[in-house]
Structure formats: C-alpha cells, structure tokens
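Asker:
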Amino acid sequence: MIPVSSRASTIEYVIRDVVVPATKLESEGHSIIKLNIGDPIAYPGLPTPRHMVEAYSAALLDGNNGYSPSYGMPDLREAIAADESSKGWPCSSDDVYVCHGVTEALQIIFAATLEEGNKVLAPGPHYPPYMAYPQMYGATTIEYALKSDDGWAIDL
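For what it's worth, the numbering used here labels the leading residue of the sequence shown as 5, then goes sequentially.
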C-alpha cells in the first residue's frame with residue numbers, strides 16, 4: 005500500500021467522512037438519504053432539464069465536444085461577463101475564468117493566493133472545501149457564524 009503523505013493525512017473533509025458509516029448502515033438495511041454530495045441527477049426527482057439535454061445533444065451532433073480553451077469558451081465568457089455586468093459588477097470576458105465547478109474554482113483560487121500560515125475566513129455552516137483546501141496549502145480556516153433567524157447575516 006502506498007503511504008498517505010503527511011500533508012494529506014491532516015486534511016479534513018467532513019461530508020465524505022460520513023460515507024463509510026452511512027454505507028455500513030445501508031448494508032444493514034437502514035434507509036439513508038444521501039445529501040452529502042451535490043449531484044442533482046443522483047435523485048430521481050431532479051432530472052436534467054429538457055432544454056439542457058437538447059443543447060448537449062446539438063453540441064455533440066455539431067462536433068462541439070472536444071477540449072475548450074483552459075479559461076473557457078469565449079462566447080460563454082462573454083455571456084457570463086454581460087450577465088454579471090447587468091447585476092452591477094462591471095467586468096469583461098477577460099475577468100472570467102470558467103471552471104467545471106466550485107471545487108475546481110476553489111482549488112485554483114487557494115493555490116494561487118495562499119501561503120503557509122495564511123488564514124481564510126469562511127461562513128458557517130459552510131461547504132467543506134472551505135476547510136479542506138486551505139489545509140492543502142498550509143493555511144487554516146477560521147469559521148464565523150451566520151444567523152439563520154436573520155437572513156443568514158454575519159453574527160458579529
């Protein structure tokens with residue numbers, strides 16, 4: 005067996021930590037509602053919207069199914085910039101970097117900005133990578149509370 009690095013052995017990822025005991029309980033006949041991974045198609049009541057299936061199909065038939073530029077397709081970046089600008093954040097497509105999801109985006113952001121000993125502020129309750137990814141780069145996360153009874157305002 006390949007040993008786990010000392011860096012990796014200290015990383016916490018609480019959502020995935022429930023998988024092993026949940027799988028054991030499920031094998032014992034317990035009913036488990038799996039809300040630990042954000043995969044909407046894992047739930048029968050959340051099918052992929054028809055317009056998305058049609059767009060994917062059209063893209064495949066048109067041959068648009070290879071690698072895109074690493075920063076994202078220009079048309080998509082322009083559309084995102086226009087949408088964000090309409091919300092009051094003036095930006096151009098040069099300000100947009102398209103990622104496969106928030107997990108990849110956080111890895112890129114933290115890798116590009118964190119140094120050993122840095123601290124990251126994260127709201128609680130939070131998305132577990134807010135804790136795990138800073139640890140990968142030698143940083144720590146400081147959690148601050150949110151008030152659910154006050155529209156999730158910061159609890160100072």
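Even for Gly, the Cβ is constructed at its ideal location relative to N, Cα and C. Fair warning: this is a prediction, and the values are worked out from it, not measured in the lab.
1. Per DSSP, Gly128 is paired with what?
2. Quick one: residues in its chain with C-beta nearer than 7 Å to the C-beta of Ile36, no 5 flanking neighbours on either side, listed in chain order?
3. When the distance is taken between beta carbons, is Tyr148 closer than 8 Å to Pro132?
4. At which residues does the alpha helix (DSSP H) containing Met140 begin and terminate?
5. How is the alpha helix (DSSP H) around Tyr60 delimited, first residue to last?
6. Under the DSSP definition of a beta bridge, which residues are partnered with Ile158?
7. Going by beta-carbon coordinates alone, are Tyr137 and Leu160 separated by less than 8 Å?
8. Determine the burial state of Arg54: buried for a count of at least 16 other Cβ atoms within 10 Å of its Cβ, exposed for fewer.
9. Give me the residue from Gly155, Asn69, Val102 with the minimum Cα distance to Glu82.
10. Look at the alpha carbon of His104 and the alpha carbon of Pro129, and state the distance between them as a whole number of angstroms.
11. Name the two residues that bound the continuous alpha helix (DSSP H) containing Lys28.
12. Going by beta carbon distance, what residues of the same chain come within less than 7 Å of Asn69, once the five residues before and after it are set aside?
13. How many whole angstroms separate the CB atoms of Thr14 and Gln139, which I take to be in contact at a CB cut-off of 8 Å?
Answerer: Quick look at the numbers:
1. Indexing the sequence shown from 1 puts residue 128 at position 124. BP columns for Gly128 point to Ala149.
2. For the purposes of this step, residue 36 is taken as residue 32 along the sequence shown, with counting starting at 1. Shown here for Ile36: same chain residues with a beta carbon closer than 7 Å to its own, the five before and five after excluded, namely Ala26, Leu29, Glu30 in chain order.
3. For this step, residue 132 is matched to residue 128 along the sequence shown. For this step, residue 148 is matched to residue 144 along the sequence shown. No, Cβ-Cβ distance for Pro132 and Tyr148 is not below 8 Å.
4. Here residue 140 is taken as the residue at index 136 of the sequence shown, counted from 1. For Met140, the enclosing alpha helix (DSSP H) has its first and last residue at 133-140.
5. If you number the sequence shown from 1, residue 60 lands on position 56. It spans 54-65 - the alpha helix (DSSP H) in which Tyr60 sits, taken as one unbroken run.
6. Within the sequence shown, residue 158 is the residue found at index 154, counting from 1. As computed with DSSP, Ile158 is found in a beta bridge with Leu150.
7. Here residue 137 refers to the residue found at position 133 when the sequence shown is read from its first residue. Here residue 160 refers to the residue found at position 156 when the sequence shown is read from its first residue. Cβ distance not < 8 Å, so Tyr137 and Leu160 don't count as in contact.
8. Start at 1 with the first residue of the sequence shown, and residue 54 comes out as number 50. Around the beta-carbon of Arg54, fewer than 16 other beta-carbon atoms lie within 10 Å, marking it exposed.
9. Locating residue 82 in the sequence shown gives position 78, counting from the first residue. Closest option to Glu82, Cα to Cα, is Val102.
10. Numbered from its first residue, the sequence shown carries residue 104 at position 100. Numbered from its first residue, the sequence shown carries residue 129 at position 125. For His104 and Pro129, the distance between alpha carbons rounds to 23 Å.
11. Here residue 28 is taken as the residue at index 24 of the sequence shown, counted from 1. Segment 23-31, the alpha helix (DSSP H) holding Lys28.
12. By 1-based counting over the sequence shown, the position of residue 69 is 65. Taken in chain order, the residues that qualify are Ala63.
13. Here the question's residue 14 lines up with position 10 in the sequence shown. Here the question's residue 139 lines up with position 135 in the sequence shown. With 8 Å as the limit, Thr14 and Gln139 qualify as a contact, their Cβ atoms being about 6 Å apart.
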